[in-house]
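Trainee:
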Amino acid sequence: FLELAIDVIQRQGRTILFSSHILADVERIADRIGVLVAGKLVVDCSLDELKSRVKKLRVIFPERTPEGLTLTDIINKWALGREMVLAVAKWNQQKQSILATFRPESCTEVPMTLEDIFIECTRPASAVMPQESEV
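So this is what it looks like as structure tokens:
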């Protein structure tokens with residue numbers, strides 16, 4: 002079925018509404034992504050836009066993670082010892098500068114598939130719409 006759908010899209014220039022829990026297939030053929038959470042559309046953008054807006058960061062601090070570290074649009078955050086992992090919507094230079102003021106030893110972007118982004122955006126109490134905005 003998937004190969005037929007790709008063929009129709011490429012040859013006939015048609016639009017296909019594709020709903021699946023197999024997100025690797027969705028990522029392979031979709032131009033635009035929509036995600037519903039509890040009946041609310043929380044994501045509606047191109048796959049490229051979504052991947053550029055949502056970032057997962059692994060941050061290591063010299064000592065314990067700082068308690069005062071807050072950024073807008075945090076989808077998910079966990080910390081243990083010196084390590085903090087953040088999933089952030091609307092990642093931009095201003096947020097990067099704020100994070101830098103806490104002087105982390107390292108800050109590494111963790112690659113995310115569509116499935117990873119979907120999981121982060123649909124966790125309870127974390128349905129932050131990853132759209133462009135000021136910090």
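Going left to right, the sequence shown walks through residues 2 to 136 as my numbering numbers them. For every residue, glycine included, the Cβ atom is placed at its ideal position computed from N, Cα and C.
Considering VAL27, what are the terminal residues of the beta strand (DSSP E) in which it resides?
Mentor: As a first step, residue 27 is located in the sequence shown; it is residue number 26 there, counting from the start. Segment 24 to 30 is the alpha helix (DSSP H) holding VAL27; no beta strand (DSSP E) there.
Trainee: Between ASN77 and the rest of its own chain, which residues show a CB-CB distance below 7 angstroms, the 5 nearest in sequence each way excluded?
Mentor: For the purposes of this step, residue 77 is taken as the residue at position 76 of the sequence shown. If we look at ASN77 and ignore the five residues flanking it on each side, its Cβ neighbours are ALA88, GLU121, ARG124, SER127.
Trainee: When the Cα atoms are used, what is the spatial distance from ALA90 to LYS96?
Mentor: Locating residue 90 in the sequence shown gives position 89, counting from the first residue. Locating residue 96 in the sequence shown gives position 95, counting from the first residue. Cα to Cα, ALA90 sits roughly 10 angstroms from LYS96.
Trainee: Between the Cα of VAL9 and the Cα atoms of PHE62, SER20, ILE30, which residue gives the shortest distance?
Mentor: Taking the sequence shown and counting its residues from 1, one reaches residue 9 at position 8. Considering only PHE62, SER20, ILE30, the residue with the shortest C-alpha distance to VAL9 is ILE30.
Trainee: Are the CB atoms of ASP112 and VAL60 nearer to each other than 8 angstroms?
Mentor: On the sequence shown, residue 112 is found 111 positions in, with the first residue counted as 1. On the sequence shown, residue 60 is found 59 positions in, with the first residue counted as 1. Note that residue 112 is Pro in the sequence shown, not Asp. No, these two residues do not count as a Cβ contact at 8 angstroms.
Trainee: Look up SER53 in the DSSP assignment and say whether it is helix, strand or coil.
Mentor: Walking along the sequence shown from the start, residue 53 turns up at place 52. Reduced to three states, the DSSP call for SER53 is helix.
Trainee: Can you give me the Cβ contacts of GLU116 inside the same chain, cut-off strictly under 8 angstroms, excluding the 5 residues immediately before and after it?
Mentor: As a first step, residue 116 must be located in the sequence shown, where it is residue number 115. Its chain contains LEU24, ALA25, GLU28 as the residues whose beta carbon lies nearer than 8 angstroms to that of GLU116, once the 5 sequence neighbours on both sides are disregarded; these appear in chain order.
Trainee: Alpha carbon to alpha carbon, how far is GLN11 from LYS52? Give it in angstroms, no decimals.
Mentor: Sequence index remark: in the sequence shown, residue 52 carries index 51 (1-based). Sequence index remark: in the sequence shown, residue 11 carries index 10 (1-based). If I take the Cα positions, the gap works out to 23 angstroms.
Trainee: State the start and end residues of the unbroken alpha helix (DSSP H) segment that holds THR66.
Mentor: Translated into positions along the sequence shown, residue 66 becomes position 65. Neither: THR66 is in no alpha helix (DSSP H) and is coded neither H nor E.
Trainee: Can you tell me the Cα-Cα spacing of ILE99 and ARG65, whole angstroms?
Mentor: Within the sequence shown, the letter at position 98 stands for residue 99. Within the sequence shown, the letter at position 64 stands for residue 65. If you take the alpha carbons of ILE99 and ARG65, they lie about 18 angstroms apart.
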